[in-house]
Structure formats: structure tokens, C-alpha cells
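These notes are about the structure you will find just below.
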Amino acid sequence: MVKCRDVMDVMERIAPKKLAEDWDNPGLLVGNPNDEVRRILVCLDVREETAKRAAEEGFQMIVAHHPVIFRGLKKLRTDLPDGRLLGALLRAGVAVFAAHTNLDSAEGGVNDVLAARIGLDPATIAPLGNADELSESLGRVGKLPAPMEARAFAEQVRKGLGAKNIRFVSGGDRPVKKVGLCSGSGAEFIERAALLGCDAFVTGDVRYHDAQRAAALGIHVIDAGHFATEQPVVEILAKRLIEELGDKVEIVEDDAARDFFEIL
Ligand SMILES: [Zn+2]
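In C-alpha cells:
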């Protein structure tokens with residue numbers, strides 16, 4: 067058994083809060099740092115079924131990537147989805163901690179896990195930032211061990227992430243060696259990746275005009291989906307927590323989560 071605060075301290079070492087973007091809302095969002103924790107559920111999203119599972123299976127704490135309170139809260143109406151979810155968590159005494167953009171940027175976080183899963187050479191991985199920015203930042207650039215045909219690389223990404231489908235935007239005939247990536251929604255970085263000389267960019271949530279811009283810039287874009295580019299971190303984060311706290315508390319990875327999108 068540990069205190070909620072002990073888990074918060076470990077998470078601060080894994081994903082320092084100072085790495086979070088200004089607009090973000092990471093940290094302990096529900097619960098009391100002094101509460102006792104015996105079981106922790108690690109997940110991408112706190113959904114209604116996540117809260118139900120936590121209550122039924124005796125978890126005192128959820129560690130999630132996406133903040134369960136994000137845009138600010140003006141009411142707690144339990145007839146509406148946000149209030150219903152928070153009400154269920156409070157009734158069951160389940161604390162919720164979120165590590166969001168700080169976990170994206172952290173060394174060994176969401177972007178590094180994504181880079182590894184799509185086959186980039188670990189020795190070549192660097193932040194997708196300008197040289198004068200923090201060494202840790204959203205997104206990464208890295209190189210494949212050998213150049214690949216773009217659609218073959220796209221298929222490697224799909225397989226590496228266990229995604230059913232991906233969307234591909236052709237940047238022309240160029241083979242892929244240098245790759246930029248940003249887990250979740252990273253289309254805003256396509257241009258930066260192109261200027262850094264990346265042959266391809268991997269992210270999720272790409273819109274039509276992002277694709278148009280990428281094609282004009284001559285960079286391939288692989289939209290593997292928000293879920294598929296982020297879910298792999300759950301297993302790694304659970305392992306990190308087990309290394310740090312596994313002798314005192316039980317840590318379980320939420321492996322039941324599925325993408326909201328289905329391709330029909
Ligand atoms: Zn996300």
C-alpha cells in the first residue's frame with residue numbers, strides 16, 4: 067500500500083509537469099493525495115466503463131494519459147456525461163491522475179514509444195523542436211535503418227501499431243528514410259517536419275487541408291489514428307510504474323480499450 071502522493075511523486079519523475087504545454091491540465095484531477103492506494107489502473111482515457119471497472123475491481127487510483135477534466139468545469143450535473151463520470155469516480159473513491167503533454171514530451175514517453183513501434187533507429191531519435199527549445203518537446207524526428215518505399219513504410223507503421231487501418235497521403239516518389247512524428251493530433255507539425263527534411267510524418271487526426279498542404283510540401287503523411295499512436299504508451303507506463311512501485315501496490319494495464327472509430 068502507498069499514498070496517492072507517492073504515485074504522484076513517481077509520475078513527476080516519469081513525466082515532469084514542467085514539460086506540459088501551457089493549455090494542458092495534467093496532475094491529480096480527482097481525489098486526495100493522502101488517500102491510500104492498493105491498486106492502480108493505467109489507461110489512455112477515463113471512460114464510463116473505466117470508472118465502472120475501477121469501482122467494481124477495487125482500484126483506488128487511475129493513471130490516465132488524457133485529462134478527465136480538461137476544459138474547465140462549471141457544473142457537476144450527473145444527468146450529463148462529465149458529471150456522471152466524475153460522480154461515479156467520487157462515489158467509488160477513485161482518484162484520477164493525468165500525464166498528458168508532459169508524457170508526450172518526456173523521455174521514454176508517448177512519442178518515444180511511438181518512434182520505437184514504427185521502427186525508427188533509437189540512436190537517431192531527437193525532439194521535433196528547434197535547437198533553442200527544450201531538449202524534450204512534443205514530437206520526434208528519427209531515421210529508419212534503411213530507406214523504404216513510402217507505402218511499405220506506411221504498412222510497417224500500421225502493423226507496428228496494431229492498427230486495422232491507416233490513411234496515407236503521398237508526398238510524391240521520394241523513399242522514406244527520415245521520419246517526423248507526433249502522437250495523437252500532430253498535423254500542426256507537418257510543415258516543421260518538412261522543413262527539417264523529413265520524408266514522412268506519422269500522426270493522427272489529419273484533416274483534408276493538412277493532407278493538401280503535405281502533398282504540396284512533398285512530404286508523405288501517415289495518419290494512423292489518435293488512439294493507435296497513443297495506446298502503446300499504456301503498457302510501457304504500467305511497466306514503469308511496476309518497476310517503481312510494484313512491490314507495494316498492484317498495477318494493471320487497461321488492455322480492454324478500443325478506438326472510438328470503426329471503419330465500416
Ligand atoms: Zn491524445
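In this note's numbering, the protein residues as written are 67 to 330. Yeah, the Cβ is synthetic: ideal placement off N, Cα and C, and Gly gets one too.
Collapsed DSSP secondary structure at residue i in the structure displayed
{"i": "residue 271", "result": "coil"}
{"i": "residue 298", "result": "helix"}
{"i": "residue 317", "result": "strand"}
{"i": "residue 309", "result": "helix"}
{"i": "residue 327", "result": "coil"}
{"i": "residue 226", "result": "helix"}
{"i": "residue 112", "result": "coil"}
{"i": "residue 132", "result": "coil"}
{"i": "residue 178", "result": "helix"}
{"i": "residue 286", "result": "strand"}
Cβ neighbour criterion (16 or more within 10 Å) applied to residue i
{"i": "residue 114", "result": "exposed"}
{"i": "residue 142", "result": "exposed"}
{"i": "residue 217", "result": "exposed"}
{"i": "residue 297", "result": "buried"}
{"i": "residue 259", "result": "buried"}
{"i": "residue 276", "result": "buried"}
{"i": "residue 324", "result": "exposed"}
Between the CA atoms of residue j and residue i - distance to the nearest angstrom
{"i": "residue 321", "j": "residue 210", "result": "29 Å"}
{"i": "residue 31", "j": "residue 329", "result": "The chain is shown only over 67 to 330; residue 31 falls outside these bounds and no answer can be derived."}
{"i": "residue 47", "j": "residue 122", "result": "In this structure the chain extends from 67 to 330, so residue 47 is not present and cannot be described."}
{"i": "residue 224", "j": "residue 100", "result": "42 Å"}
{"i": "residue 244", "j": "residue 109", "result": "31 Å"}
{"i": "residue 252", "j": "residue 194", "result": "11 Å"}
Terminal residues of the beta strand (DSSP E) in which residue i lies
{"i": "residue 207", "result": "206-214"}
{"i": "residue 243", "result": "242-251"}
Endpoints, alpha helix (DSSP H) assigned at residue i
{"i": "residue 80", "result": "70-80"}
{"i": "residue 153", "result": "147-158"}
{"i": "residue 233", "result": "Per DSSP, residue 233 belongs to no alpha helix (DSSP H); it is in the beta strand (DSSP E), 233-235."}
Within the chosen definition, does the stretch 260-271 reach the stretch 99-118 through at least 3 CB pairs nearer than 8 Å?
The stretch 260-271 is not in contact with the stretch 99-118.
Does the count of Cβ pairs from the stretch 257-265 and the stretch 306-313 closer than 8 Å reach three?
The stretch 257-265 is not in contact with the stretch 306-313.
Three or more C-beta pairs under 8 Å: does that hold for the stretch 140-154 against the stretch 168-188?
By the criterion of at least three beta-carbon pairs nearer than 8 Å, the stretch 140-154 is not in contact with the stretch 168-188.
Pairs of beta-carbons, one from the stretch 115-127 and one from the stretch 150-160, closer than 8 Å: are there three or more?
Yes: the two stretches touch, three or more of their Cβ pairs being nearer than 8 Å.
Quick check: the stretch 226-236 against the stretch 244-255, are at least 3 beta-carbon pairs closer than 8 Å?
No, because fewer than three Cβ pairs between the stretch 244-255 and the stretch 226-236 fall closer than 8 Å, the two stretches do not touch.
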